[in-house]
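A short write-up of the structure that comes next.
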Amino acid sequence: MKPPILLVLVICTVVGTNLKLVSKRNSVDGCIDWSVDLKTYMALAGEPVRVKCALFYSYIRTNYSMAQSTGLRLMWYKNKGDLEEPIIFSEVRMSKDEDSIWFHSAELQDSGFYTCVLRNSTYCMKVSMSLTVAENESGLCYNSQIRYLEKSEVTKRKIISCPDIEDYKTSNQEPEVVWYKECTPKMWRSVVIQKGNTLLIQEVQEEDGGNYTCELKFEGKLIRRTTQLKVTALLTDKPPKPLFPVENQPSVIEVQLGNPLSIACKAFFGFSGESGPMIYWMRGEKFIEELEGHIREGEIRLLKEHLGEKEVELTLTFDAVGEPDLANYTCHVENRNGRKHASVLLRKKDLIYKIELAGGLGAILLLLILLVTIYKCYNIELMLFYRQNFGGDESMDDNKEYDAYLSYTKVDPDALDCDNNEEEQFALEILPDVLEKHYGYKLFIPDRDLIPSGNPTSNDEASHLNSFFLGAERKEENEESELLIHWDNLFPLY
């Protein structure tokens, strides 16, 4: 018996409004192949799971009973590489139930692709479904690879449903569902309401993000579904904001020709859904890809992220800055709300720093010359000032009996005149009075301090007179006498 032509046409018609497949349809050996359906089945090891043939739900306007009545057969295969192996149903762990396969206790090796083929002698159509079976992660009640994902903006209202539990209902009754957060029972706050197999969060807060697990029983087995809730900031209605360079305030960067250079453009992007940040550099009307090879953009780098709001960075790199590179570079940032830009101007670095360096060194050199000149001209005065105000009594610890040796030429008493008398008075009275009484020095004067038993020429005595030397000579030239006083290392240098 041949099927009615109208029914065959209906079966071959694809339901455009319910079509879930994105990839292009293929035809192999006369069989229409819809490749892999978008729906993915997920289960934890040991749980029962039902895999339905997607042909009857998304691709043709008929159900299993109608197709069977027209002579079409439904066959199941498991994909193993490029081959499709027919499934033998044992009815113990795996059984066929009309348009579905029931895994009564799924195991890890059950993961893979399952193909359902609807055909007769003249007609063939097939589609594959994906099943993933995983074990709980250590210390958890779920596996992160088979979680469901939900998103909610902060302060908004959100409903979290226990997903894919329709096959576990009995007598059209809703199963009893228990909810956990992060695998532990939760005392929900007043704005979180559990109703049947759903959780209603009336005003989502940042701390509401996390993993929500619903648990129910079916034929004596536990079934768990875990949903990860990601809380985001409110959807932005503003374009991105450049952080550096600053918008409407061009930044000037002085560069040394021939040196490498990196310029980082930083920008803030508000939460704008699934779209990623768009950021790029331009020089004038040209993109960086159109410029010389020694100028290039790096990869977009995420600096910070919070609730979907991001701070990103894009680096513009010069291997060696040349004269033609001294130009204006603009960083553009944009999203669906608009575009912003900020600029950087590269300018050749002036040599002012060399002038400043030379001036500083010159000032230091001039100061040193001035200090040396002052010391050379006024060293005695400086030494006396220091000794008077800061110096101690050096004679207490210098192991010297005398500070200076006074020597003068003693002339024949018969040849003494008035001038010679004044010179001798200066040497024997005035100098000792000033140096000993006023400044505290001890002078060795042969006529005064040399006694018959003394031996001033001994080595010990000479060592006491090494510190300072004060000499006085009498010279006679052109029948005139002159007393010369020579000062040599009168005061020690500190």
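The sequence shown maps to residues -19 to -1, 1 to 475 in mature numbering (1 follows the signal peptide of the UniProt record, and there is no 0). We treat Cβ as the ideally placed atom computed from N, Cα and C, and that holds for glycine.
Cβ atoms of residue j and residue i: under 8 Å apart, would you say?
i           : j    : result
Q242        : V325 : One point to set straight first is that residue 242 is Leu, not Gln, in the sequence displayed. Cβ atoms of L242 and V325: not closer than 8 Å.
residue 486 : A35  : The structure shown does not extend to residue 486, since the chain spans only -19 to 475, so no value can be given for it.
Y383        : L424 : yes
Y45         : E79  : yes
L288        : E187 : yes
R317        : S256 : yes
Y129        : P144 : yes
I13         : C122 : no
V236        : L338 : no
Y193        : L215 : no
V118        : N124 : Note on residue identity: the sequence assigns Glu, not Val, to residue 118. The answer is yes: Cβ separation under 8 Å.
F84         : V17  : no
E315        : P223 : no
N133        : T179 : Correcting the residue identity first, residue 133 is Ser in this sequence and not Asn. Contact flag unset, no.
K291        : L297 : no
R206        : I146 : yes
S81         : V32  : yes
V108        : W15  : yes
Y149        : I204 : yes
A323        : P226 : yes
G27         : K202 : yes
K329        : L307 : yes
E66         : L89  : no
N101        : R42  : no
G190        : V212 : yes
Could you tell me which residues DSSP puts in a beta bridge with residue i?
i    : result
E270 : Bridge partners of E270: none, in fact.
W83  : R31, S76
V135 : In the DSSP output, where bridge partners are listed per residue, V135 has none listed.
Q154 : T151
Q175 : L180
I141 : L180
A385 : L424
T93  : The amino acid at residue 93 is misidentified as Thr; the sequence shows Gly. Looking at the DSSP assignment, G93 forms a beta bridge with L112.
Y161 : T194
R264 : K267, Y310
L295 : C246
K107 : D14, V98
R290 : According to the sequence displayed, residue 290 carries Glu and not Arg. Note: E290 sits in a beta bridge opposite H287.
L130 : Q209
Under DSSP, the alpha helix (DSSP H) around residue i begins and ends at which residues?
i    : result
A323 : Where A323 is concerned, there is no enclosing alpha helix (DSSP H), although the beta strand (DSSP E) it sits in stretches over 319 to 329.
S102 : S102 -> no alpha helix (DSSP H), and no H or E assigned at all.
Between which two residues does the beta strand (DSSP E) carrying residue i extend?
i    : result
Y310 : 309 to 316
A48  : Premise fails: A48 lies in the alpha helix (DSSP H), 45 to 50, not in any beta strand (DSSP E).
D14  : 12 to 25
P427 : No beta strand (DSSP E) holds P427; the alpha helix (DSSP H) holding it covers 427 to 430.
R277 : 276 to 278
N117 : N117 -> no beta strand (DSSP E), and no H or E assigned at all.
H287 : 282 to 287
W57  : 54 to 61
P305 : Unbroken run through P305: none, as it is neither H nor E.
E65  : 64 to 67
Using a Cβ cut-off of 8 Å (strictly closer), state whether residue i contacts chain C.
i    : result
K167 : Any reference to chain C falls outside this structure, which holds one protein chain only.
- Message: Which complete alpha helix (DSSP H) runs does the segment 177 to 262 hold, if anything under 4 residues is left out?
- Response: Counting whole runs of 4 or more residues, the segment 177 to 262 contains no alpha helix (DSSP H) stretch at all.
- Are the segment 147 to 158 and the segment 186 to 200 in contact at 8 Å, needing three or more beta carbon pairs? Yes, they touch.
- Task: State whether the segment 228 to 239 contacts the segment 267 to 285, with contact taken as three or more CB pairs (one from each stretch) at a distance under 8 Å.
- Result: No contact exists between the segment 228 to 239 and the segment 267 to 285.
- Message: Tell me whether the segment 176 to 187 and the segment 138 to 152 touch, counting them as touching only if at least three CB pairs, one residue from each stretch, are closer than 8 Å.
- Response: Taking 8 Å as the limit for Cβ pairs, the verdict is that the segment 138 to 152 does touch the segment 176 to 187.
- Meets three-Cβ-pair contact criterion under 8 Å: the segment 262 to 270 and the segment 298 to 313: Judged by Cβ distances under 8 Å, the segment 262 to 270 makes contact with the segment 298 to 313, as three or more pairs qualify.
- Item | At least 3 beta-carbon pairs within less than 8 Å: the segment 247 to 259 vs the segment 342 to 361 | These segments do not touch.
- Message: For the pair the segment 171 to 181 and the segment 96 to 105, tell me if three or more CB-CB distances fall below 8 Å.
- Response: In short, these stretches do not touch, since the Cβ pair count stays below three.
- Message: So, does the segment 13 to 29 touch the segment 111 to 121, judging by three or more C-beta pairs under 8 Å?
- Response: Segments in contact, yes.
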